[in-house]
Amino acid sequence: MTETLLSARNLAFELYEVLDAEALTRRERFAEHSRETFDAALSTARSIAEKYFAPHNRKGDENEPRYENGEAVLIPEVKPAVDAFLEAGFLNANRDFDVGGMQLPTLLSQACFAHFQAANAGTTAYPFLTMGAANLIESFGSEEQKRLFLQPMIDGRFFGTMALTEPHAGSSLADIRTRAEPSADGSYRLRGNKIFISGGDHPLSENIVHMVLAKLPDAPPGVKGISLFIVPKFLVNPDGSLGARNDVTLAGLFHKMGWRGTTSTALNFGDNGNCVGYLVGKPHQGLACMFQMMNEARIGVGMGAVMLGYAGYLYSLDYARQRPQGRLPDNKDPSTAAVPIIAHSDVKRMLLAQKAYVEGAFDLGLYAARLFDDTQTAETPEARQQAHELLDLLTPIVKSWPSEFCLKANELAIQILGGHGYTREYPVEQYYRDNRLNPIHEGTHGIQSLDLLGRKLAQNGGSGLKQLVRLIAGTCERAHRFPGLDALRQPLEQLLTRLQAVTLGLLGDLASGKVNAALANSALYMKAFGHCVIGWRWLEQAIRAEEGLATANDADRDFYRGKLQAARFFLTWEVPPCHNDITLLEARDDTCPGMHEEWF
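1 is the number of the first residue of the sequence shown in UniProt numbering; add one for each residue after it.
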């Protein structure tokens, strides 16, 4: 049967040959698991995604949520899908057995979640947002907040959101105007407006717990004055029962280009002066708390982008195998049968590019999940700290690189289908529209590039960057065992050398106060850095493919050769052009910052 969500063989390759998921079962936390339990969870995820999520993906796109009588109305298929997700235990995939969780490694839970992201991005968002909000309360909430809000979220009765963006400020959180006034009972009264709140209203749960950024009356200016609050749609009584409707109003729904199945809401807090909120953590420390959920969301956005690109790739691959059209250039006989378009070199180019983008990014996303497991369960504090520093460095790439290049994969899928690809009768145009949100979601490319170059590289004395350089160099050294990989290894080594040099120069400019000039072309830097990271991950896959070929059967031999060809494509077609980007960075090119507003 044609695979539509993701390749099961590639998933097994990533988990068990590249990332060594079975080694995690030697850690105490995961000792009760095995490859058999991992595969059972993956099989369940695939089954639910195919049965409950995929069938209404198109319907959810064509029948987006409606605003009726102050509430959001969804198509009826969404709730059974979400309920199946909850009943299978995936909402608590990472939680302890003793609270009803599956106690899976994050690597495995991300692999499970990938099926849902490929099947239906819109419906998947509701439980995913809830997981992030629940983790936030678990990390920073009081015991009372955990009892009243976290436990119902774990039980699937309450869902969650994060409310950051305001109409006047966009991504500039330092300029938020939502205010929180202390009340005599220890709670707060909030007043303000938030927009683009995904999942901000829906009928899928008894209650919705909004994690809201606001400022206290004595807040210092800028991001140092932001606090975090729990603001429920319905108040919760001391015994856990639902109380009155809180003063949180659904002002309206945004109508999006894609991702239409998820409500995108405008919320008003305190129109009647009685919006009750509860401070989470310490005053003025809200952004530091919220960054946990934001970083989880950024990795989730990256994986969502991967899976939309992956779904488009698999569909266009199947289409190219089935669609006869034209003949090869050396055949001028019109009486001969047309060949499937996959036989044409340019179609192979577009399929190879998609494979290189989506399977390279898929590997990176799962590698990030494996790093998160190491931050929690590695054997020593030093190993946990190293994993944390490396994951922190890579997070902007995990979010932004797939959002850009897996979107390009969707564009190529449309091209392969030709005129059909541009019609709503085929799914690839929806995959493209859904994925177009991800370069914006959770921080644009520009914001992520500023975070990478302006903050993450030099963090902790550059320890994350030093780790990454050692890892890439180590992979290149191991590739020496396979002469066939020389042509793949050398472009990566050359890019790494130049990237290190320009990084030192840019960091030197930042240290000497030339901030605007150093950051002016940060998006170029992030592209080159991202290509270096993905090139590294492809070289890792190529090494495993070379090792696998030694004992492969015919089917696996084709799989491994396909891996090597995709690695070759990325490292010899995609990596060398990055040198032009680095040349511009070396020159501190001022074409963009030097443009005057009046010249446009």
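Ideal Cβ placement from N, Cα and C applies to all residues, glycine included.
In the DSSP assignment, Asn580 falls within the alpha helix (DSSP H) that extends over 578-586.
Apart from sequence neighbours up to five positions away, the residues of its chain that approach Ala378 with a beta-carbon distance below 7 Å are Arg384, Ala387, ordered along the chain.
The beta-carbon distance between Ala180 and Lys215, rounded to whole angstroms, is 7 Å. This is short enough to meet the 8 Å contact definition.
By the beta-carbon neighbour count (other beta carbons within 10 angstroms, threshold 16), Asp330 is exposed. For Arg561, the enclosing alpha helix (DSSP H) covers residues 554-569.
Shortest Cα-Cα distance from Tyr16 to any of Leu6, Thr44, Leu108, Phe53 involves Leu108.
Between Pro127 and Glu206, the C-beta gap is not smaller than 9 Å, which leaves the two residues out of contact. Looking from the CA of Gly562, the closest CA among Gly192, Gly360, Thr249, Pro483 belongs to Gly360. Scanning the UniProt domain "Acyl-CoA oxidase/dehydrogenase middle" (162-269) for uninterrupted beta strand (DSSP E) segments of 3 residues or longer gives 179-182, 188-198, 207-214, 227-232, 234-236, 242-245, 248-253, 264-269, listed from N- to C-terminal end. Note on Lys355: 16 or more other CB atoms within 10 angstroms of its CB, so buried under the neighbour-count rule. In terms of CA proximity to Ala121, Asn57 leads the group Thr583, Thr395, Asn57, Ala320. The Cβ-Cβ distance between Ile48 and Phe149 does not fall below 9 Å. Ranking Leu564, Gly277, Ala545 by CA distance to the CA of Leu213 puts Gly277 first. For Gly464, the enclosing alpha helix (DSSP H) begins and ends at 463-479.
The beta carbon of Ala288 sits closer than 6 Å to none of the beta carbons in its chain outside the five residues before and after it.
Take Gln467, set aside five residues on each side of it, and the residues of its chain with a beta-carbon closer than 7 Å to its own are Gln386, Glu389, Leu390, in chain order.
With contacts defined as CB atoms closer than 9 Å, Gly261 and Ala84 fail to qualify as a contacting pair. Nearest neighbour of Trp259 by Cα position, chosen from Lys59, Ala54, Ile534, Asp434, turns out to be Asp434. For the options Phe140, Asn10, Ala21, Asp509, the alpha carbon positioned closest to that of Phe372 is the one of Ala21.
In the structure shown, the three-state DSSP call for Val306 is helix. Between the C-alpha atoms of Asp39 and Ala369 there is a straight-line separation of about 17 Å.
In this structure, Val209 lies near Ile137, with their beta-carbon atoms less than 9 Å apart. Considering only Thr375, Val515, Leu412, the residue with the shortest C-alpha distance to Leu450 is Val515.
Counting only runs of at least 4 residues, the stretch 340-427 fully encloses the following alpha helix (DSSP H) elements, listed from N- to C-terminal order: 345-377, 381-417. Runs of the alpha helix (DSSP H) lying entirely within the stretch 34-61 and spanning at least 4 residues, in chain order: 35-48. Close CB contacts of Phe158 within its chain, under the 8 Å cut and outside five residues either way in sequence, are with Thr130, Phe149, Pro152, Ser205, Glu206, Asn207, Ile208, Val209, Pro232 (chain order). Taking Ala251 as the centre and dropping the five residues before and after it, the same chain places the C-beta of Asn193, Thr265, Ala266, Leu267, Asn268 closer than 8 Å to its C-beta, in chain order. Judged by DSSP in its simplified three-state form, Leu492 adopts helix. A Cβ-Cβ separation of about 6 Å places Leu91 in contact with Gly156 under the 8 Å criterion. The criterion of a C-beta distance shorter than 9 Å is not satisfied by Phe196 and Gly309. The criterion of a C-beta distance shorter than 9 Å is not satisfied by Leu366 and Leu5. The Cβ neighbour count for Gly286, taken over all protein chains shown within 10 Å, is at least 16; the residue is labelled buried. For Ile299 against Val398, the beta-carbon gap comes to about 5 Å, under 8 Å, which counts as contact. Contact holds between the stretch 584-591 and the stretch 513-527, because three or more Cβ pairs, one in each stretch, are under 8 Å apart. Judged by beta-carbon spacing, Thr263 lies beyond the 9 Å limit of Leu279, meaning their Cβ atoms are not closer than that value.
Boundaries of the alpha helix (DSSP H) harbouring Leu86: 78-87, taken from the DSSP string.
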